[in-house]
Structures are given as structure tokens and as C-alpha cells.
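Visitor:
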Amino acid sequence: MKRSLERLTLLGPGLGYLTVLMVVPLALVLSYTIFQRGRFGGLVYEPTTENFLRAVDPLYLDVLVTSVEIAGVTTVLALLLGFPTAYVIARLPGKWKTIALVGLVLPFWTNFLIRTYAWIVLLSPAGMINDALTGWGLIDEPLQLLYTKPAIVAGLLYAYLPLMVLPLFAALEKQDDQLLEAAANLGARPAKAFLTVTLPLTLPAVITGCVFVFVPSIGNFVVPELLGGGQTAMVGNLIRDQFLKARDWPFGATLALILVAMLMLLLMLQAWSARRLTGDKNA
Amino acid sequence: MTAFLSLDGVRRSFGDVTALDGVSLDVAEGEFFALLGPSGCGKTTLLRILAGFETPDSGTVTLAGEDLTRVPAHQRPVNLMFQSYALFPHLSVEKNIAYGLHREGLPKAEITQRVGEVLERVGLAPAAKRRPHQLSGGQRQRVALARAIVKRPRLLLLDEPLSALDRKVRAEMQLWLKQLQHEVGITFVVVTHDQEEAMSMADRIAVLHQGAVEQVDSPVALYGAPRTWFVADFIGGNNFFSGTATEAGLSSEALGQLPGTTSDQSAVSVGEPAVLAVRPEQITLNDGDSVLSGTVLDVSFYGGTSRIAVEVPGHGTPVLVHRHGAPVVVPQQAVDLSWGTADAVLVPPSSATAASAAA
Numbered sequence: 001m002k003r004s005l006e007r008l009t010l011l012g013p014g015l016g017y018l019t020v021l022m023v024v025p026l027a028l029v030l031s032y033t034i035f036q037r038g039r040f041g042g043l044v045y046e047p048t049t050e051n052f053l054r055a056v057d058p059l060y061l062d063v064l065v066t067s068v069e070i071a072g073v074t075t076v077l078a079l080l081l082g083f084p085t086a087y088v089i090a091r092l093p094g095k096w097k098t099i100a101l102v103g104l105v106l107p108f109w110t111n112f113l114i115r116t117y118a119w120i121v122l123l124s125p126a127g128m129i130n131d132a133l134t135g136w137g138l139i140d141e142p143l144q145l146l147y148t149k150p151a152i153v154a155g156l157l158y159a160y161l162p163l164m165v166l167p168l169f170a171a172l173e174k175q176d177d178q179l180l181e182a183a184a185n186l187g188a189r190p191a192k193a194f195l196t197v198t199l200p201l202t203l204p205a206v207i208t209g210c211v212f213v214f215v216p217s218i219g220n221f222v223v224p225e226l227l228g229g230g231q232t233a234m235v236g237n238l239i240r241d242q243f244l245k246a247r248d249w250p251f252g253a254t255l256a257l258i259l260v261a262m263l264m265l266l267l268m269l270q271a272w273s274a275r276r277l278t279g280d281k282n283a
Numbered sequence: 001m002t003a004f005l006s007l008d009g010v011r012r013s014f015g016d017v018t019a020l021d022g023v024s025l026d027v028a029e030g031e032f033f034a035l036l037g038p039s040g041c042g043k044t045t046l047l048r049i050l051a052g053f054e055t056p057d058s059g060t061v062t063l064a065g066e067d068l069t070r071v072p073a074h075q076r077p078v079n080l081m082f083q084s085y086a087l088f089p090h091l092s093v094e095k096n097i098a099y100g101l102h103r104e105g106l107p108k109a110e111i112t113q114r115v116g117e118v119l120e121r122v123g124l125a126p127a128a129k130r131r132p133h134q135l136s137g138g139q140r141q142r143v144a145l146a147r148a149i150v151k152r153p154r155l156l157l158l159d160e161p162l163s164a165l166d167r168k169v170r171a172e173m174q175l176w177l178k179q180l181q182h183e184v185g186i187t188f189v190v191v192t193h194d195q196e197e198a199m200s201m202a203d204r205i206a207v208l209h210q211g212a213v214e215q216v217d218s219p220v221a222l223y224g225a226p227r228t229w230f231v232a233d234f235i236g237g238n239n240f241f242s243g244t245a246t247e248a249g250l251s252s253e254a255l256g257q258l259p260g261t262t263s264d265q266s267a268v269s270v271g272e273p274a275v276l277a278v279r280p281e282q283i284t285l286n287d288g289d290s291v292l293s294g295t296v297l298d299v300s301f302y303g304g305t306s307r308i309a310v311e312v313p314g315h316g317t318p319v320l321v322h323r324h325g326a327p328v329v330v331p332q333q334a335v336d337l338s339w340g341t342a343d344a345v346l347v348p349p350s351s352a353t354a355a356s357a358a359a
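Protein sequence lines correspond, in order, to chains A and B.
Residue 283, in UniProt numbering, is where the first sequence stops; the numbers in between run on with no holes.
Residue 359, in UniProt numbering, is where the second sequence stops; the numbers in between run on with no holes.
#1: Let me know the beta strand (DSSP E) ranges lying completely inside the stretch 5-48 of chain B, each 3 residues or longer, listed in chain order.
#2: Rounded to whole angstroms, what's the CA-CA distance from B/Val93 to B/Asp21? Just pull it up for me.
#3: Helix or strand or just coil, what does DSSP make of B/Ile186?
#4: Going along the chain, which residues of its own chain have a beta-carbon closer than 6 angstroms to the beta-carbon of B/Leu135, five neighbours each way excluded?
#5: Who are the near neighbours of A/Ala188 in its chain, counting only those whose CB is closer than 8 angstroms to its CB and skipping five residues on each side?
#6: With DSSP as the reference, please indicate the residues paired to B/Arg323 in a beta bridge.
#7: Taking B/Met81 as the reference, give the member of B/Gly65, B/Arg11, B/Val191 with the closest Cα.
#8: Could you tell me how far apart the beta carbons of A/Trp96 and A/Gly155 are, in whole angstroms, since I believe they sit closer than 8 angstroms?
#9: What's the gap between the Cα of A/Leu227 and the Cα of A/Val88?
#10: Give me the chain E residues within the contact set of B/Ala51, using Cβ-Cβ distance strictly less than 8 angstroms, ordered along the chain.
#11: Between A/Val88 and chain B, is the shortest Cβ-Cβ distance under 8 angstroms, so that the two count as touching?
#12: With H, G and I counted as helix, E and B as strand and the rest as coil, what does DSSP make of B/Asn96?
#13: Using the three-state DSSP reduction, which class does B/Ile205 fall into: helix, strand or coil?
#14: Let me see if you follow: with CB-CB separation under 8 angstroms, is B/Phe82 close to chain A or not?
#15: Could you compute how far the alpha carbon of A/Trp249 sits from the alpha carbon of B/Lys95?
#16: Counting Cβ pairs closer than 8 angstroms, one from the stretch 58-68 of chain B and one from the stretch 105-116 of chain B, do we hit at least three?
#17: If you draw a straight line from the alpha carbon of B/Pro226 to that of B/Arg279, how long is it in whole angstroms?
#18: Is it the case that the Cβ atoms of A/Gly229 and A/Leu79 are separated by a distance below 8 angstroms?
#19: Consider the C-beta atom of B/Gly256 and the heavy atoms of the ligand HEM; say whether any pair is separated by less than 7 angstroms.
#20: Which residue marks the beginning of the alpha helix (DSSP H) containing A/Ala234, and which one marks its end?
#21: With a threshold of 8 angstroms between beta carbons, is A/Pro200 in contact with chain B?
#22: Kindly indicate the opening and closing residues of the beta strand (DSSP E) around B/Gly256.
#23: When the Cα atoms are used, what is the spatial distance from B/Asp343 to B/Val220?
#24: By DSSP, does B/Thr55 sit in helix, in strand, or in coil?
#25: Give the DSSP bridge partners of B/Val122, in chain order.
#26: According to DSSP, is B/Phe82 part of a helix, a strand, or is it coil?
#27: Use the C-beta contact count for A/Pro162: other C-beta atoms within 10 angstroms, 16 or more gives buried, fewer gives exposed.
#28: Under a Cβ-count criterion, where at least 16 other Cβ atoms within 10 Å of its own Cβ denotes burial, should B/Ala245 be classed as buried or exposed?
#29: Return the Cβ separation of A/Asn237 and B/Ala51 in integer angstroms, given the expectation that the two are a contact with Cβ distance under 8 angstroms.
#30: Could you tell me whether any Cβ in chain B is nearer than 8 angstroms to the Cβ of A/Val197?
#31: Who does B/Gly243 pair with in a DSSP beta bridge?
#32: Give the straight-line distance between the Cα atoms of A/Leu265 and A/Pro216, rounded to the nearest whole angstrom.
#33: Shorter than 8 angstroms from the beta carbon of A/Arg240 to some beta carbon of chain B?
#34: Using only CA atoms, which one of B/Gln141, B/Asp159, B/Leu155, B/Ala98 lies nearest to B/Ser39?
#35: Going along chain B in order, which residues have a C-beta closer than 8 angstroms to the C-beta of A/Asp176?
#36: Drop a sphere of 10 angstroms on the beta-carbon of A/Gly103, count the other beta-carbons inside from all chains shown, and report buried for 16 or more, exposed for fewer.
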């Protein structure tokens, strides 16, 4: 009896906070999906399946596919760039390791919006990149860099690369160097040792990093707005527009639910594979 | 003896620290050889050089007539059983053992057969599908050993093979390793700081001290006829008396003439300062002779043996005497101590002169 009271005291505040600010809003969003939109926004409490039928319309499915594509490309690029970065940082001597890690998270000290605006300055037709390229005589006309899909990918990659590097760094750093010596001793050349020892042992971290990058990328609506110029709509933009512009809350809620369901599935997949790969240490 | 493994003038330093200062050693084929020394003596660096994880600054390593010095680790016919075992945590026992065979590109059927054989040999066939973290320490060690011997190396290195095991498993493993070595006929080099481990298993032992070889000998010779003060002190217990070497032993200002002999005429010459090392079990109490006399300080009975500490006037530390059976003396009793000329060994006074004498 006393222990359960103690537990409640410790868990209470956090649990209450989560219940009020996360579970209740999510439940509300969930409930909105089965109602109809009022003529001037708001809700009409008449059950309908119309929202879900509308969501699978090719128009909206396209947006979903584009979002998955952009977030997917961002994730793959983050992995390709992040793995070597994490690998090198993990092998730096103590002091430099700290400096590199601080450098990695330093951009977080500046507002995300401001950093994204800085990309506009870089990418715009009169921006620094075009300036430099025309200045060196490499191109005659400024390139259309801004308001393209690659611009969105660049912005997302910039924003979320540290989320890939950090889990990979943690996994690579705690890896026992003697395992690589053992591999060499048993006849594995360095590349083979990396593929058969380092890589399988960091796979859970690879998956974690991918989820960390993919999830916020797919839901992001600031970067597509600013760097994509509204040319390329992603799910995040669509949801926001339904709520704020079209005032169609039930449909916005439906889209949000679909996104949340997709991400939940992804997280479950990650948890499952992590448990499998680490040799059911926690199972 | 034809040298199978040969180290010649191997030198390695890390910054200002000299880990190996010109080590030369010869090991015969099929020998069970031990590198013994305290921590920091350079034995681990030597092991890493043999495995190919380190390159010597100078000197050569030759195995079966082939110069190994610059051969990368993954191309050497040398396998190592790591002290920490270094098993791959993501692979099952059988896959850990098969790892090295896969790297050789052997056909699947042969790999399966050899892994099966070695699993039988180390008695781990029932655990073949388990992961390393599901095994006990002793089992993990046997996997590490199986993973190394399945490669059929020319040379097997063992890094502190018994240190992580508890007493009972240790004794079993010790016997088993020796047996295994006879059966497979591979040359074993064990690295250890534990003299018991080295003495009980090895055919010959090299004692390392400050990056140099102090003495290479059979366990019995190392114990009975140490050539340097360091070896006399490091292996087993000893009583030390310092003085000047004479024809019949040692002449000490405070204690007079003490009988002794030298195992190495070149290391100690008559008239030079020397140290006489006398094993506690070589000293007899009250048997009519008297080399030294003193007073019993303390007596402890260990069942099979007794240990007696005797205070000898003119000698700073108590003289230790071991005898079989009951102590027969009591504290405060006056006793006569004696030993034969052949039972005490003269060595050079410090390790500095010992090193120069050995070189």
C-alpha cells in the first residue's frame, strides 16, 4: 500500500502532464476523424467515413508519397554522411572528441527558424552559392536552387544530421577495439572486419538514427514552406493547412492520425529489430 | 635446439617509455613456452608484436624460417586467445568458431566438420547455438580457445589464460590446456604475470623485467638456480643476504661466512659484491650445524607445512623458514639455522648489474 503511494507520488506529476497534454489531445484528434466538418469550420457531430475515403484520394496519397520520398532521401543521406562522421569522432583522442561533439550540437543553440532562413540566403538566385559559382565563371545564369525538392532535403538534412550522428557515435564509441583485433587475428582484412563486426554491432544504432531523422523529417512543415516555397507540399504542410487555412478539422485530424499510425508502426519495427539484433539482452 | 620461433633484438618504445629493450628469444617447435613478468615488464607488447598488432621499432620476428616482422596480423599463421576472450557478441558459439575458417574461404562442409570437431574437443557441443553472454566465464574461455585452435595455427598465443577463472576451474583448465597442447602439437606461448600459471604449465619460461629478458630456463632451473636477483626474488620466496662473494659462498660483515654457490660463474666473481638467496624450505632448524643463530619471532602452522620467522642479530629482516609438519619450536626460543652449500645461490646484487651481465 505504502509502496504504491510512493510510486504514485513519483510518477504522478509526469504522468499527469503527459495525460493532460498528450493523451487527451490525441484522443480528441482521434475522435475528430469520424465527424463532419461544419459549414464555417468547427465540427458537426455526425459520424462519417468520408474523411478516410478522402485521405486515400490520389491527390493526398501523392503528398504522402512525396513526403516519404523526401524524408527517405534525407534519412539515407544522413546515414551516409553521419556514419563516417560518427566513426571519426569516436576515434578522436579525449579532448577533441568533446570539442567535436559540442560542435555537433552547437547549431541547436540558434533558433531553428533562423537557421532555415539562413539557407534561403545561401540558396537564393542572388545568394552566396550562385554568387560564387557565377563569380568563378562556372555558370552564366544563376541556378534555381531555392524552392526545389533538393533544397528541402538540404534543409532537413542540415537540421537532423546530429540526430543520426549521436546514436551512431554512442554505439561506435563503446565498441570494444579488441573485437577488431580478434577479427584480424582470425584472418579478416580491415574492410571485412568492419563489415562482419563493426557494422552488425552498430545496426541497432543505425536503425535508431534513421528513425530519429525520418520521423521529424516527414512531419516537418517549416522547411518545405521556406525552402520549398510551397511548391512541394509535404504531409506536415497539408495537415497544418487543413487546420488553419481550410478549417477542415476532421480531415486534418484524419491525416494526422494516418501519419501518427505510420510512425508508430515504424517505432515498433525499430524496437523489435533492436531487441533482435542486440541478442535479446533486454528480453 | 632448432628455433621455430625466433625473436632477434626486438625493440619497441612508446614515447619516452621503452617497453622492449632488445629482446632475443628462441622457442622450439611444439614447445609450451611462457613469458613471465610483473605488469609493465613488456610481455604484453611482446605478445602484440607476435600477433602483429604492433610493429617493433627494430629487430625481427621469424616463424618457421619466415620473417614475420612486417606481415599484417590477418595474414599470420598465429592465433591469440585474448585475456578478455573478445568473443563476437552478435554471433553464436559455433559462428564465433567458424569465423576464422570463413575468412580462409574454406568449403562449407569442411567448416561445419571442423567446428563440430573442435566443439566436441572443448566439450561445448550442447552450447553451439548459444550467444557468448549466455555462457559462464569458463565456457567463454573454451570458446575463445576453440576459435583459435580451429584455425590450426603454427603458433598459439594465450594472454593470461587462467587469470579470470576461479580456483577450481583454474586447476581443471591448467591440466586441460597442457593435455591439449600435447594432443594438437601446436607451439604455445603463454603470457602471464602469475608464476604459478607459468611454472605449472610451461616447458620453459622467459622471465621479463623492464623490457629485457632476465633468464630463460625450465621451471625447476628458474626456481633452483636463479641467475639474477630479480629472478630469485620474483619466483617463489627467498631470504636475501648481501655481502662479498667468496669461493665457498658469501662473506658478510655482520653475519660472517655463509655457504652458497653460483649457477652462473660469469655473473658473480669472487671478491665482488653479491647477494645470497636461500629458499625458506632449504633452511633446517637445530640439526647440529649452525650457520646462523637467532630467536623465533613468529610461528604459523599451515597443516602440511609450518612457517617460522626467525630474528637474526645483524640482519634487518626476519629469516623465513618452512618445514614439513609441525613447527617444533615456539616463539622466543633460541634456534640455530643451517643450510648446505648447494642449497643457496649467489646472484649479482641488483638488477642493473644483472642486466649488463646477461647482455
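C-beta: ideal position from N, C-alpha, C; glycine also.
Guide: From the atom records:
#1: The qualifying runs are 17-28, 32-36.
#2: As a first step, residue 93 of chain B must be located in the second sequence, where it is residue number 93. As a first step, residue 21 of chain B must be located in the second sequence, where it is residue number 21. Their backbone Cα atoms lie some 40 angstroms apart in a straight line.
#3: Counting from 1 along the second sequence, the entry for residue 186 of chain B is found at position 186. Here B/Ile186 sits in coil by DSSP.
#4: Looking up residue 135 of chain B in the second sequence gives position 135. Once the five neighbours on either side are set aside, B/Leu135 has no close Cβ partner at all.
#5: Sequence index remark: in the first sequence, residue 188 of chain A carries index 188 (1-based). Excluding residues within five positions, the ones whose Cβ falls inside 8 angstroms are Thr196, Val197.
#6: Here residue 323 of chain B is taken as the residue at index 323 of the second sequence, counted from 1. Looking at the DSSP assignment, B/Arg323 forms a beta bridge with B/Ser306.
#7: Mapped onto the second sequence, residue 81 of chain B falls at position 81. Closest option to B/Met81, Cα to Cα, is B/Val191.
#8: What you label residue 96 of chain A is simply residue 96 of the first sequence in a count that begins at 1. What you label residue 155 of chain A is simply residue 155 of the first sequence in a count that begins at 1. Going by Cβ atoms, the distance from A/Trp96 to A/Gly155 rounds to 29 angstroms, so no, they are not a contact pair.
#9: Translated into the one-based positions of the first sequence, residue 227 of chain A becomes position 227. Translated into the one-based positions of the first sequence, residue 88 of chain A becomes position 88. The straight-line gap from Cα to Cα measures roughly 31 angstroms.
#10: Judged by its chain identifiers, the structure shown contains no chain E, and its protein chains are A and B.
#11: As a first step, residue 88 of chain A must be located in the first sequence, where it is residue number 88. At a cut-off of 8 angstroms between beta carbons, A/Val88 makes no contact with chain B.
#12: Numbered from its first residue, the second sequence carries residue 96 of chain B at position 96. For B/Asn96, the three-state secondary structure derived from DSSP is helix.
#13: Start at 1 with the first residue of the second sequence, and residue 205 of chain B comes out as number 205. Three-state result, B/Ile205: strand.
#14: The residue given as residue 82 of chain B occupies position 82 in the second sequence. Answer yes: the Cβ-Cβ gap between B/Phe82 and chain A drops below 8 angstroms somewhere.
#15: Here residue 249 of chain A corresponds to residue number 249 of the first sequence, with the count starting at 1. Here residue 95 of chain B corresponds to residue number 95 of the second sequence, with the count starting at 1. Those two C-alpha atoms are separated by around 56 angstroms.
#16: A contact between stretches requires three or more CB pairs, one per stretch, nearer than 8 angstroms, and the stretch 58-68 of chain B fails this requirement with the stretch 105-116 of chain B.
#17: Taking the first residue of the second sequence as position 1, residue 226 of chain B is located at position 226. Taking the first residue of the second sequence as position 1, residue 279 of chain B is located at position 279. The alpha-carbon atoms of B/Pro226 and B/Arg279 are separated by roughly 11 angstroms.
#18: Position 229 of the first sequence holds residue 229 of chain A. Position 79 of the first sequence holds residue 79 of chain A. It is not a contact, given that the beta carbons lie outside the stated cut-off.
#19: For the ligand HEM, the structure offers nothing, since it holds no ligand at all.
#20: Looking up residue 234 of chain A in the first sequence gives position 234. The residue asked about is misnamed: residue 234 of chain A is Met in this sequence, not Ala. No alpha helix (DSSP H) holds A/Met234; DSSP gives it neither H nor E.
#21: By 1-based counting over the first sequence, the position of residue 200 of chain A is 200. Closer than 8 angstroms to some Cβ of chain B, the Cβ of A/Pro200 qualifies, so yes.
#22: The count along the second sequence starts at 1 and reaches residue 256 of chain B at position 256. 256-259 is the span of the beta strand (DSSP E), which, as asked, contains B/Gly256.
#23: Here residue 343 of chain B corresponds to residue number 343 of the second sequence, with the count starting at 1. Here residue 220 of chain B corresponds to residue number 220 of the second sequence, with the count starting at 1. Going by the C-alpha atoms only, they are around 14 angstroms apart.
#24: In the second sequence, residue 55 of chain B corresponds to position 55, counting from 1. In the structure shown, B/Thr55 sits in coil (DSSP, three-state: anything other than H, G, I, E or B).
#25: As a first step, residue 122 of chain B is located in the second sequence; it is residue number 122 there, counting from the start. BP columns for B/Val122 are empty, so no partner.
#26: What you label residue 82 of chain B is simply residue 82 of the second sequence in a count that begins at 1. If DSSP states are grouped into helix, strand and coil, B/Phe82 belongs with coil.
#27: As a position in the first sequence, residue 162 of chain A is number 162, starting the count at 1. Under a 10 Å Cβ-count criterion, A/Pro162 is classified as buried, with 16 or more other Cβ atoms of the shown protein chains found around its own Cβ.
#28: Against the second sequence, residue 245 of chain B aligns to sequence position 245. So B/Ala245 counts as buried.
#29: By one-based count along the first sequence, residue 237 of chain A stands at place 237. By one-based count along the second sequence, residue 51 of chain B stands at place 51. Going by Cβ atoms, the distance from A/Asn237 to B/Ala51 rounds to 58 angstroms, so no, they are not a contact pair.
#30: If you number the first sequence from 1, residue 197 of chain A lands on position 197. Interface residue, yes.
#31: Along the second sequence, one-based indexing puts residue 243 of chain B at 243. Its beta-bridge partners are B/Ala274.
#32: Residue numbering aside, residue 265 of chain A sits at position 265 when the first sequence is read from its first letter. Residue numbering aside, residue 216 of chain A sits at position 216 when the first sequence is read from its first letter. Whole-angstrom Cα-Cα distance: 15 angstroms.
#33: Within the first sequence, numbered from 1, the residue matching residue 240 of chain A stands at position 240. Taking 8 angstroms as the threshold, the shortest C-beta distance from A/Arg240 to chain B does not fall below it.
#34: Within the second sequence, the letter at position 39 stands for residue 39 of chain B. The option with the nearest alpha carbon to B/Ser39 is B/Asp159.
#35: Residue mapping note: residue 176 of chain A aligns to position 176 of the first sequence, counting from 1. Neighbours of A/Asp176 on chain B, chain order: Ser84, Ala86.
#36: For this step, residue 103 of chain A is matched to residue 103 along the first sequence. With a 10 Å radius around the Cβ and a threshold of 16 neighbouring Cβ atoms, A/Gly103 comes out exposed.
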